[in-house]
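Numbering (this note's numbering), first residue to last: -19 to 213.
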């Protein structure tokens, strides 16, 4: 935990979950990569992005712990969120669902609040690692806020957000979050973006589309070939 605090995060915003730390409520930082410095931008990306070739074929598996029916079924919204990322023009990000894959890039699990130690965490995702692969998992709390029924639009918004973490985006609104250190801003973008899907603290928001700067950031990260720590606000 000392290493995470040294990155600029407040100690009271970090939860030790055993094999990883849960930071800001929905981001996993694995202990095996804790020495890797996490740098941030106003749209926020981690030290590592998905490899330029792998980002074109990110395989997503929906685990059997996600129900196939009922209010805890997120499968439709997972597919919709993938379509949103895939349909960004001039962006190389392409994800496909393959539930029979034995070696997916991202696995999505359904869990309960005990996994996160709180009823207030809707979902959490892992960052990409140094091996060039996408963040390896997303976990969705199926009893968020004591079994609050989540609308389809909110499910979709959460999934678009968490997939963003898996490909390297951090929270856009770092300046309004008390535990965020200084950020590096991409050239040509504003320092804040109230409409960004990657803003933190938005688990209860409905899907309203990517902001123009979300799109610009995705293109800058995964088309222009800059492959450095840049992103749009």
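Built from N, CA and C at the ideal position, the CB exists for glycine as well. Here the structure is a predicted model, which means the values were calculated and not measured.
Please classify residue 144 as buried or exposed, where buried requires at least 16 neighbouring CB atoms within 10 angstroms.
Numbered from 1 along the chain shown, position 164 holds the residue referred to as residue 144. Counting Cβ neighbours within 10 Å, residue 144 comes out buried, since at least 16 surround it.
Three-state class that DSSP yields for residue 2 in the structure shown
Translated into the one-based positions of the chain shown, residue 2 becomes position 22. Strand at residue 2.
For residue 29, which of 72, 4, 62, 40 has the nearest alpha-carbon?
In the chain shown, counting from the first residue as 1, residue 29 sits at position 49. If we check each option's Cα against that of residue 29, 72 comes out closest.
Three-state secondary structure (DSSP) of residue 121:
On the chain shown, position 141 is the one that residue 121 refers to. In this structure, residue 121 counts as strand in the three-state DSSP scheme.
Could you check if residue 56 is buried or exposed, using at least 16 other CB atoms within 10 Å of its CB as the buried criterion?
Counted from its first residue, the chain shown places residue 56 at position 76. Counting Cβ neighbours within 10 Å, residue 56 comes out exposed, since fewer than 16 surround it.
In or out: residue 102 buried (at least 16 other Cβ within 10 Å) or exposed?
Within the chain shown, residue 102 is the residue found at index 122, counting from 1. Classification of residue 102: buried, given that the 10 Å Cβ count is 16 or more.
Ordered along the chain, which non-local residues of its own chain (more than five positions away) have a Cβ less than 6 Å from that of residue 87?
Sequence index remark: in the chain shown, residue 87 carries index 107 (1-based). Excluding residues within five positions, the ones whose Cβ falls inside 6 Å are 41, 43, 117.
So the beta strand (DSSP E) residue 77 belongs to, where does it begin and stop?
Position 97 of the chain shown, counting from 1, holds the residue named residue 77. Note, residue 77: beta strand (DSSP E), 75 to 77.
Which residue's Cα is closest to the Cα of residue 193: 202, 140, 176, 203?
As a first step, residue 193 must be located in the chain shown, where it is residue number 213. Minimum Cα distance to residue 193 is reached at 176.
Near the ligand ADP: residue 70 beta-carbon under 8 Å from a heavy atom:
The ligand ADP is not part of this structure, which contains no ligands at all.
Please report how far the alpha carbon of residue 54 lies from the alpha carbon of residue -9, in whole angstroms.
Position 74 of the chain shown, counted from the start, is the residue given in the question as residue 54. Position 11 of the chain shown, counted from the start, is the residue given in the question as residue -9. In a straight line, the C-alpha of residue 54 is about 32 Å away from that of residue -9.
Whole-angstrom distance between residue 96 and residue 60, CA atom to CA atom:
Here the question's residue 60 lines up with position 80 in the chain shown. Here the question's residue 96 lines up with position 116 in the chain shown. The alpha-carbon atoms of residue 60 and residue 96 are separated by roughly 25 Å.
Cβ-Cβ separation, residue 134 to residue 89 (assumed contact under 8 Å), whole Å
Here the question's residue 89 lines up with position 109 in the chain shown. Here the question's residue 134 lines up with position 154 in the chain shown. No, residue 89 and residue 134 are not in contact; Cβ-Cβ is about 19 Å, not under 8 Å.
Cα separation between residue 74 and residue 148?
Taking the first residue of the chain shown as position 1, residue 74 is located at position 94. Taking the first residue of the chain shown as position 1, residue 148 is located at position 168. If I take the Cα positions, the gap works out to 14 Å.
Which of the three DSSP states is assigned to residue 184 in this structure?
For the purposes of this step, residue 184 is taken as the residue at position 204 of the chain shown. DSSP places residue 184 in coil when its eight states are reduced to three.
Distance, Cα to Cα, residue 185 vs residue 8?
Within the chain shown, the letter at position 205 stands for residue 185. Within the chain shown, the letter at position 28 stands for residue 8. Approximately 21 Å, taken between the alpha carbons.
Please go through the same chain and pick out, in chain order, the residues whose beta-carbon is closer than 7 Å to the beta-carbon of residue 127, but skip the five residues on each side of it.
Here residue 127 refers to the residue found at position 147 of the chain shown. Closer than 7 Å at the Cβ level, and outside the excluded window around residue 127, lies no residue.
Mind checking who residue 177 pairs with in its DSSP beta bridge?
By 1-based counting over the chain shown, the position of residue 177 is 197. DSSP lists no partner for residue 177.
Per-residue burial, residue 47 [other beta carbons within 10 Å of its own, 16 or more giving buried]
One-based indexing of the chain shown puts residue 47 at position 67. Per the 10 Å Cβ criterion, exposed.
Any alpha helix (DSSP H) of 4 or more consecutive residues that is wholly inside the segment 90 to 150
93 to 96, 124 to 127, 132 to 146
Keeping to the same chain, check which residues put their C-beta closer than 6 Å to that of residue 45; ignore five residues upstream and five downstream.
As a first step, residue 45 is located in the chain shown; it is residue number 65 there, counting from the start. If we look at residue 45 and ignore the five residues flanking it on each side, its Cβ neighbours are 89, 90.
Which value, in whole angstroms, describes the spacing of the CA atoms of residue 138 and residue 6?
As a first step, residue 138 must be located in the chain shown, where it is residue number 158. As a first step, residue 6 must be located in the chain shown, where it is residue number 26. Answer to the nearest angstrom: the Cα atoms are 10 Å apart.
Am I right that residue 146 and residue 114 are in contact with their C-beta atoms under 8 Å? What's the rounded C-beta distance?
Start at 1 with the first residue of the chain shown, and residue 146 comes out as number 166. Start at 1 with the first residue of the chain shown, and residue 114 comes out as number 134. Yes, they are in contact, since the Cβ atoms of residue 146 and residue 114 sit about 5 Å apart, within 8 Å.
In the DSSP assignment, the beta strand (DSSP E) including residue -4 goes from what residue to what residue?
As a working note, residue -4 is residue 16 in the chain shown. Counting along the chain, the beta strand (DSSP E) containing residue -4 begins and ends at -6 to -4.
Could you pull out every unbroken alpha helix (DSSP H) segment of at least 4 residues lying fully inside the segment 45 to 87, listed in chain order?
55 to 66
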